[in-house]
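Colleague: Going by my numbering, the first residue of the sequence shown is number 387, and it counts up by one from there.
Ideal Cβ positions, reconstructed from N, Cα and C, are used throughout, including at glycine.
All of these numbers come straight from a predicted model, not from anything done at the bench.
Let me begin by handing over the structure; questions about it come next.
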Amino acid sequence: MPFYKYMCPDCDYEGKISHKMREKIKYCPNCNSEDIKKVIGNFVSKMADSKIVKSKLNVETFIKNSKKDLDSSKQDFEKREL
Ligand SMILES: [Zn+2]
387 MPFYKYMCPD
397 CDYEGKISHK
407 MREKIKYCPN
417 CNSEDIKKVI
427 GNFVSKMADS
437 KIVKSKLNVE
447 TFIKNSKKDL
457 DSSKQDFEKR
467 EL
């Protein structure tokens, strides 16, 4: 079961609670307040960030590679001209 981060503004409870994806914690395990809120974990945003960085890197390598291709085809062309 995945862990979800919850925080309760009533008692400053903050912790990870394991439950099924479809389920939702309705009451704070510390003070039974209904104000308990699910916190979007840093883990998820970090994963998204690394994905963005990865795709950016891929684009940069792609540009580098296509520049190389362009250079080599240009050289070929020049050779043919001579
Ligand atoms: Zn609480």
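(1) If you reduce the DSSP assignment to three classes, tell me which class glutamate 409 lands in.
(2) Quick check: does the Cβ of serine 350 come within less than 7 angstroms of any heavy atom belonging to ligand 1?
(3) For aspartate 421, which of Tyr399, Leu443, Pro415 and Pro395 has the nearest alpha-carbon?
(4) Going by beta-carbon coordinates alone, are asparagine 416 and tyrosine 399 separated by less than 8 angstroms?
(5) Can you tell which of Pro388, Arg466 and Tyr392 has its C-alpha closest to the C-alpha of lysine 423?
(6) Using a Cβ-Cβ cutoff of less than 7 angstroms, which residues in the same chain neighbour lysine 406 once the five nearest sequence positions on both sides are dropped?
Modeller: To lay it out plainly:
(1) Residue numbering aside, residue 409 sits at position 23 when the sequence shown is read from its first letter. Glutamate 409 falls in the coil class under three-state DSSP.
(2) As displayed, the chain neither begins before 387 nor continues past 468, which places residue 350 out of reach and without an answer.
(3) The residue labelled residue 421 in the question sits at position 35 within the sequence shown. Aspartate 421 has its Cα closest to that of Pro395, out of Tyr399, Leu443, Pro415 and Pro395.
(4) In the sequence shown, counting from the first residue as 1, residue 416 sits at position 30. In the sequence shown, counting from the first residue as 1, residue 399 sits at position 13. Result yes, Cβ atoms of asparagine 416 and tyrosine 399 sit closer than 8 angstroms.
(5) As a working note, residue 423 is residue 37 in the sequence shown. Nearest of Pro388, Arg466 and Tyr392 to lysine 423, Cα basis: Tyr392.
(6) Start at 1 with the first residue of the sequence shown, and residue 406 comes out as number 20. Shown here for lysine 406: same chain residues with a beta carbon closer than 7 angstroms to its own, the five before and five after excluded, namely Met387 in chain order.
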